[in-house]
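Following: one structure in structure tokens, then a few remarks.
6 protein chains.
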Amino acid sequence: MSAKPTALVISAHAADFVWRCGGAIALHQELGYEVTVACLSFGERGDSARLWKEGKSLDEVKAIRRAEAEAAAEALGVGDLRLLDLGDYPLRLDAGAQDQLVDIIRDVQPKWMMSHSRWDPYNTDHMNTTSFVLEARMIAQAWGHNPGEKVLGAPQLYLFEPHQTEQMGWKPDVFLDITPVWDKKRAAMECMNGQIHLWDYYTRVAQQRANHFKRNSGGQAGGRDCKYAEGFETIFPVCVDELA
Amino acid sequence: MSAKPTALVISAHAADFVWRCGGAIALHQELGYEVTVACLSFGERGDSARLWKEGKSLDEVKAIRRAEAEAAAEALGVGDLRLLDLGDYPLRLDAGAQDQLVDIIRDVQPKWMMSHSRWDPYNTDHMNTTSFVLEARMIAQAWGHNPGEKVLGAPQLYLFEPHQTEQMGWKPDVFLDITPVWDKKRAAMECMNGQIHLWDYYTRVAQQRANHFKRNSGGQAGGRDCKYAEGFETIFPVCVDELA
Amino acid sequence: MSAKPTALVISAHAADFVWRCGGAIALHQELGYEVTVACLSFGERGDSARLWKEGKSLDEVKAIRRAEAEAAAEALGVGDLRLLDLGDYPLRLDAGAQDQLVDIIRDVQPKWMMSHSRWDPYNTDHMNTTSFVLEARMIAQAWGHNPGEKVLGAPQLYLFEPHQTEQMGWKPDVFLDITPVWDKKRAAMECMNGQIHLWDYYTRVAQQRANHFKRNSGGQAGGRDCKYAEGFETIFPVCVDELA
Amino acid sequence: MSAKPTALVISAHAADFVWRCGGAIALHQELGYEVTVACLSFGERGDSARLWKEGKSLDEVKAIRRAEAEAAAEALGVGDLRLLDLGDYPLRLDAGAQDQLVDIIRDVQPKWMMSHSRWDPYNTDHMNTTSFVLEARMIAQAWGHNPGEKVLGAPQLYLFEPHQTEQMGWKPDVFLDITPVWDKKRAAMECMNGQIHLWDYYTRVAQQRANHFKRNSGGQAGGRDCKYAEGFETIFPVCVDELA
Amino acid sequence: MSAKPTALVISAHAADFVWRCGGAIALHQELGYEVTVACLSFGERGDSARLWKEGKSLDEVKAIRRAEAEAAAEALGVGDLRLLDLGDYPLRLDAGAQDQLVDIIRDVQPKWMMSHSRWDPYNTDHMNTTSFVLEARMIAQAWGHNPGEKVLGAPQLYLFEPHQTEQMGWKPDVFLDITPVWDKKRAAMECMNGQIHLWDYYTRVAQQRANHFKRNSGGQAGGRDCKYAEGFETIFPVCVDELA
Amino acid sequence: MSAKPTALVISAHAADFVWRCGGAIALHQELGYEVTVACLSFGERGDSARLWKEGKSLDEVKAIRRAEAEAAAEALGVGDLRLLDLGDYPLRLDAGAQDQLVDIIRDVQPKWMMSHSRWDPYNTDHMNTTSFVLEARMIAQAWGHNPGEKVLGAPQLYLFEPHQTEQMGWKPDVFLDITPVWDKKRAAMECMNGQIHLWDYYTRVAQQRANHFKRNSGGQAGGRDCKYAEGFETIFPVCVDELA
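Chains as they are written, first to last, in numbering that gives the first Met the number 0: chain A, 0 to 243; chain B, 0 to 243; chain C, 0 to 243; chain D, 0 to 243; chain E, 0 to 243; chain F, 0 to 243.
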């Protein structure tokens with residue numbers, strides 16, 4: 000456990016953390032956080048069409064995807080990347096995997112956690128990850144699980160932006176300005192050589208979210224400028240001493 | 000418009016602001032805000048059963064309810080109480096009333112606004128107020144409405160806690176610690192002589208919300224103490240520079 | 000106000016009470032209730048296509064529809080039919096109409112009330128009626144509205160079955176066995192000469208709901224027989240001394 | 000009523016039809032439809048911030064907005080533009096306005112209709128328009144409304160894309176390829192001189208929707224190309240002879 | 000994989016495909032499709048009360064249900080019936096079963112797929128089947144799953160009509176006219192000797208859906224006739240070149 | 000199977016049945032029911048923080064929790080307490096556990112069943128229990144599961160009150176007056192020595208629900224008194240011969 004504030008991102012496949020919350024990761028690294036990224040799989044079977052078309056073997060695909068994830072993490076300033084290699088399409092989220100994730104959560108003691116949307120009919124790995132994360136969060140809070148370890152508090156679980164948000168029933172209630180770290184996010188995206196068509200797609204997502212940021216912070220009547228943003232949905236209520 | 004930060008609470012009936020957000024009002028007054036409370040009616044017909052049973056006339060009921068509202072506002076430290084006297088059960092929310100509310104919004108230029116839940120089958124005055132407030136907020140933002148006046152930015156609209164929350168589909172996503180001002184809220188509630196049965200009811204509400212505050216801020220694993228709290232639902236996303 | 004238990008059905012157009020709750024009306028009349036049926040309009044413009052195709056005038060259409068409604072009410076055993084003649088497509092639900100309905104509610108002092116579904120994109124008269132009824136129910140409960148009159152208690156509001164239930168978001172949570180009064184409901188439906196195609200349609204509805212009645216009362220494993228039923232959605236929770 | 004197939008778009012403010020369904024309009028004009036665009040207002044008060052900042056009068060603002068709407072309609076190939084001038088922020092949707100819209104619907108006899116989302120807390124004019132359109136559609140179907148006129152059938156009501164879709168609870172279930180008419184939509188957008196910041200915003204929307212079009216038509220596994228698209232939500236079920 | 004267009008129906012228990020989409024199957028067979036029906040189980044334990052009451056053994060029940068399913072498939076014109084025999088009440092949907100279904104999907108390469116509703120508190124086999132189908136659809140799309148096989152495109156998943164639709168939260172958005180093949184559906188239903196009470200029940204369902212078909216295609220104002228129909232809910236958006 | 004009416008409560012952890020439905024249990028025991036309480040686990044790991052802080056071993060914690068559950072059951076008058084010891088945080092709900100629960104259901108033949116809410120992001124054991132119960136209820140109804148045993152009818156499944164109801168999407172539709180047995184519920188709660196902070200919390204819950212009981216039974220206009228109540232949500236519709 001770090002002396003710095005910490006955060007934990009759980010990504011079903013290796014590239015999800017880049018497209019969906021690369022800005023949040025880079026920004027919090029700059030703010031002094033230690034952000035841990037846990038990738039449950041490399042996305043080797045389902046997110047690597049180009050490599051399979053080229054005739055690569057499973058080991059080759061995984062090696063290439065691993066290298067991309069490591070490069071992207073570096074671009075974002077992430078020092079702690081955990082690659083669990085649980086297999087994908089479908090993820091094998093068994094009791095052993097659960098223990099691994101609970102151990103990571105307890106080790107990191109995150110101030111906040113982040114993962115996928117609750118519903119995704121296109122990609123059940125995504126929504127299964129969220130269920131899996133909620134279960135692990137509960138276990139990590141239990142005093143009787145591995146007694147003697149430090150138990151987890153009550154960190155927020157943010158849900159990052161899925162593809163085709165409306166189909167997933169995902170509704171952002173927090174917008175984060177990522178303008179200061181945009182170059183890092185773009186660089187991280189460009190590490191994903193098999194998904195070049197997504198570089199511009201997610202650049203546009205960030206531009207649209209910046210528009211929403213300005214709308215909701217009063218941009219039309221004099222609000223701050225913001226060129227790139229990310230949106231998140233919260234699961235749990237927030238506790239405050241003053242209303243914003 | 001005040002040099003202080005400002006806030007605006009819109010209450011369908013005179014006592015709603017006391018039960019539902021008296022803590023938030025008193026706390027923000029202590030934090031240096033100028034909080035304006037706009038009561039659309041005195042709750043003279045629908046919230047004053049005891050007075051009617053005693054045989055009071057409409058004018059008498061209104062005078063008594065006005066005095067109670069003024070006393071409660073004073074107990075909460077509110078200097079700006081606006082009593083619109085639009086009639087209740089039902090509220091008469093016509094174009095003239097709309098102009099009045101838009102004028103108040105523009106005059107106050109609130110940092111945040113607060114009103115009722117979106118659905119209330121028990122009390123349609125409550126949900127009609129929320130629709131009315133959203134419409135007025137929109138008008139206040141329009142550059143072409145009374146050109147020359149300062150237009151409204153994009154303040155949050157908080158929805159305070161209704162009676163029987165689950166029936167109203169109201170889900171709190173913000174808990175506010177009101178422990179420091181609890182005595183003021185209790186004193187304000189005790190100004191409502193016709194609704195004595197609600198004093199303890201809303202005291203218990205505040206105690207339950209304090210429990211929720213602690214749960215969501217990590218209370219079981221070492222969170223801060225909190226004895227009284229209020230819950231609110233937000234309508235609009237929030238814009239931040241760091242995730243909490 | 001009757002010495003018998005009473006009930007109040009509010010029907011947007013003259014025939015709605017027949018198709019949607021004719022069984023409940025006839026059954027409760029037989030159980031000793033006095034059921035009041037209030038029709039806000041005759042359905043003269045929107046539910047009378049055949050008459051208009053025949054070249055009837057507005058007055059003729061209204062007279063015919065009035066006669067049908069009276070005949071149907073008689074077939075169901077209803078002694079108290081109130082025809083408000085507020086116009087249809089759209090209903091004109093103004094302050095005067097509201098006063099009329101509140102007066103009826105207070106006069107009847109219903110043990111339960113019944114009206115349309117909350118949402119109906121095909122027929123906005125239906126959903127507007129439900130909003131109108133909720134508002135009137137609230138006013139009828141207010142001690143300060145026409146002080147001296149007996150105020151309303153807290154009767155359930157049942158929502159009867161709309162056409163195309165799934166499109167209306169209507170979900171029945173109560174099934175009522177109307178087998179004993181089926182002949183009366185069928186007879187009442189056959190009073191509606193302009194909508195012959197609906198006689199068999201709503202007969203089938205009753206048969207399907209009887210199947211659901213049996214499923215939910217344990218019909219597959221020995222439940223009671225039931226040949227015709229009606230379904231209703233409740234708005235308010237029920238209060239009991241024993242769980243069923 | 001045209002011999003061509005017809006369609007009817009109802010736009011709360013003058014520019015909404017451009018951003019939200021300009022592609023659908025231009026495409027159906029090319030497909031041989033006669034598309035009627037009815038603008039309930041010019042958006043003179045609420046959507047014209049720049050003009051008010053420049054000190055224009057109400058009449059000047061309306062004239063400028065009218066000219067922009069006419070130019071945009073021409074760019075899209077629309078011959079039938081109806082400007083109802085009902086006032087905006089808020090729209091005054093009274094009985095007279097309702098009669099106007101019903102007359103237009105009956106005159107046009109649209110194969111399909113299109114309007115705003117059902118919920119919009121940022122802009123109540125938008126959601127009020129949709130309620131107003133549903134009510135007018137119902138009236139237009141009534142044989143007893145202006146007897147002798149041709150009554151309306153049962154056209155679909157499409158809901159075009161609002162700003163900040165997730166906040167509006169809007170979920171697209173139809174994507175339309177507008178690549179062939181993209182230049183017309185862009186040209187129409189460029190007629191809106193007071194909202195230059197939206198030109199690129201809605202260009203990006205169309206690019207993102209093209210991505211979704213390809214995903215849902217099998218784009219990753221060999222689907223057709225599509226560079227620009229628009230999304231719509233349907234209110235009513237569709238009736239088919241073969242499943243797609 | 001057929002040269003004809005193909006479709007794939009996944010049925011939890013042997014008879015589900017008959018009641019819920021027998022018309023769609025027969026119709027598409029007549030339209031030149033090759034429809035594959037995959038039954039995950041025979042419904043031997045949970046849908047065969049009569050046989051168990053008669054004292055049949057498990058093997059006998061399965062043999063009888065198999066024969067009924069084969070007869071029904073033949074009546075509908077289905078050449079490709081796959082009986083997976085995974086056990087029922089509950090279905091055993093393990094990794095092996097998943098591989099079987101993915102193989103079928105890839106083998107069939109369906110233009111569209113069809114299965115149960117998303118929620119069914121009465122019958123968890125039904126909703127578990129839908130989750131299982133969504134997961135298998137995702138795997139079948141993955142280039143890295145059994146590389147070298149033809150991957151799946153993006154077929155629609157239709158959800159056929161459950162029993163007690165409102166309790167399942169199922170909302171039909173497509174109605175299909177099955178009048179031309181009604182005799183085949185009725186004949187298929189009559190192959191189900193253990194569930195005679197459902198023959199008329201599902202005949203009435205088809206008649207009611209025909210009424211809805213006509214309502215939504217403009218039947219009251221001159222739409223086409225339709226005597227029997229089936230309703231379906233779609234999961235994914237549709238992609239079109241013209242709005243209907 | 001008892002000659003008395005029976006009921007079955009399924010509790011994820013040993014103490015849940017006390018806080019959430021101790022009143023319903025005690026009341027129905029007094030009404031002559033035999034209520035069976037099945038605890039899937041002791042809540043040994045997740046609900047026993049104090050014991051772990053004191054350094055107890057797993058066996059000690061389980062023994063203490065077992066004793067508390069037995070004492071609470073006795074305080075409530077429950078004679079049939081079944082402790083399944085499936086482990087907690089997470090519950091291990093495998094096929095063997097399922098068989099155990101189905102056997103209990105068939106043995107008890109409950110008139111009604113009761114368990115947790117459908118959604119609980121704080122505690123996935125709770126929502127997993129509800130899924131597990133629905134599946135077991137279905138199996139218990141299947142004639143082919145352990146043929147020869149008496150199959151289950153169609154009992155209601157009540158969902159008792161979760162912590163932080165609004166976050167769970169739980170909406171009570173039945174309130175039960177537990178005033179006559181309040182002392183028993185309080186005594187049962189006081190058996191839970193490790194969760195003293197919850198004694199007053201759930202006392203306040205009962206007081207608030209009593210207020211809701213009175214509101215919904217007409218308390219403001221003369222309804223019965225009620226000092227303590229519990230709320231429940233139903234899953235299935237109810238079947239009646241008269242509307243309440």
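Note that beta-carbon positions come from the ideal geometry of N, C-alpha and C, so glycine has one too.
Everything numeric in this text was worked out from a predicted model, so none of it was measured.
Exercise. Can you tell which of C:141, C:66, C:193 has its C-alpha closest to the C-alpha of residue 43 of chain B?
Worked result: C:141
Exercise. Any heavy atom of the ligand NAD closer than 7 Å to the CB of residue 112 of chain F?
Worked result: Among the ligands in the structure shown, none appear at all, so the ligand NAD cannot be discussed.
Problem set entry | Interface positions of the region 32–49 of chain A facing chain E (Cβ-Cβ less than 7 Å), listed along the chain | 43, 44, 45, 47, 48
For this session: Check distances from the C-beta atoms of the region 117–134 of chain E to those of chain A and list, in chain order, the residues that come in under 7 Å.
Result: 133, 134
Problem set entry | Those residues which DSSP pairs with residue 33 of chain C across a bridge | C:5
Exercise. What separation, rounded to the nearest whole angstrom, lies between the Cα atoms of residue 167 of chain D and residue 176 of chain F?
Worked result: 40 Å
Problem set entry | The alpha helix (DSSP H) enclosing residue 214 of chain C, as first and last residue numbers | 196–215
For this session: Check the Cβ of residue 216 of chain E against every Cβ in chain D and list those closer than 7 Å, keeping chain order.
Result: 153, 238
For this session: Check the DSSP bridge columns for residue 156 of chain A and list the partner residues they point to.
Result: A:112
Problem set entry | For residue 236 of chain A, three-class secondary structure by DSSP | coil
For this session: Thinking residue 88 of chain A and residue 137 of chain E are a contact (beta carbons under 8 Å), I'd like their distance in whole angstroms, please.
Result: 6 Å
Problem set entry | Beta carbon proximity, residue 173 of chain E to chain D, threshold 8 Å | yes
For this session: Give a yes or no on whether the minimum CB-CB distance between residue 233 of chain C and chain F is below 8 Å.
Result: yes
Problem set entry | Segment limits, alpha helix (DSSP H) that includes residue 105 of chain C | 94–107
For this session: Report the residue from B:2, B:4, B:37, B:32 whose alpha carbon sits nearest the alpha carbon of residue 17 of chain B.
Result: B:37
Exercise. Apart from the five residues on each side of it in sequence, which residues of its chain come closer than 8 Å, Cβ to Cβ, to residue 99 of chain F?
Worked result: 83
For this session: Provide the residue span of the beta strand (DSSP E) that contains residue 82 of chain D, from first to last.
Result: 79–82
Problem set entry | Within-8 Å CB hit, residue 160 of chain E to chain D | no
Exercise. Using a beta-carbon distance cut-off of less than 9 Å, what residues from the region 73–91 of chain A approach chain E?
Worked result: 87, 88, 89, 91
Exercise. Which value, in whole angstroms, describes the spacing of the CA atoms of residue 149 of chain C and residue 104 of chain C?
Worked result: 10 Å
Exercise. Would residue 248 of chain E be called buried (16 or more neighbouring beta carbons within 10 Å of its own) or exposed?
Worked result: The structure shown does not extend to residue 248 of chain E, since chain E is modelled only from 0 through 243, so no value can be given for it.
Problem set entry | Contact belief for residue 128 of chain D with residue 90 of chain D at Cβ below 8 Å, rounded distance in angstroms | 7 Å
Exercise. Are residue 77 of chain D and residue 24 of chain D touching if we call contact CB-CB under 8 Å?
Worked result: yes
Exercise. What whole-angstrom Cβ distance do residue 57 of chain D and residue 116 of chain D have, given they're in contact under 8 Å?
Worked result: With 8 Å as the limit, residue 57 of chain D and residue 116 of chain D do not qualify as a contact, their Cβ atoms being about 28 Å apart.
Exercise. So, helix, strand or coil for residue 220 of chain D, using DSSP?
Worked result: Reliability fails at residue 220 of chain D, whose pLDDT of 49 lies under 50, so the model's placement of it is uncertain and the value that follows must be treated cautiously. It is helical.
For this session: With DSSP as the reference, label residue 228 of chain A as helix, strand or coil.
Result: strand
Exercise. On the three-pair Cβ rule with 8 Å, is the region 183–191 of chain B touching the region 61–76 of chain B?
Worked result: yes
For this session: Label residue 195 of chain D either buried or exposed according to how many other C-beta atoms from any shown protein chain fall within 10 Å of its C-beta, with 16 as the threshold for buried.
Result: exposed
Problem set entry | chain B within 8 Å of residue 146 of chain C, Cβ atoms only | yes
Exercise. Hey, would you say residue 40 of chain E sits closer than 8 Å to residue 85 of chain E, going by beta carbons?
Worked result: yes
For this session: Verify whether the separation of the beta carbon atoms of residue 232 of chain D and residue 170 of chain D is less than 8 Å.
Result: yes
For this session: Would you mind giving the Cβ-Cβ distance between residue 3 of chain E and residue 31 of chain E, rounded to the nearest angstrom? I have them listed as a contact below 8 Å.
Result: 6 Å
Exercise. Leaving out five residues before and five after residue 12 of chain B in sequence, what residues of the same chain have Cβ atoms less than 8 Å from its Cβ?
Worked result: 38, 39, 40, 41, 42, 45, 46, 87, 124
Exercise. Does the beta carbon of residue 157 of chain B sit closer than 8 Å to a beta carbon anywhere in chain A?
Worked result: yes
Exercise. How would you call residue 160 of chain F, buried or exposed, if buried means at least 16 neighbouring beta carbons within 10 angstroms?
Worked result: buried
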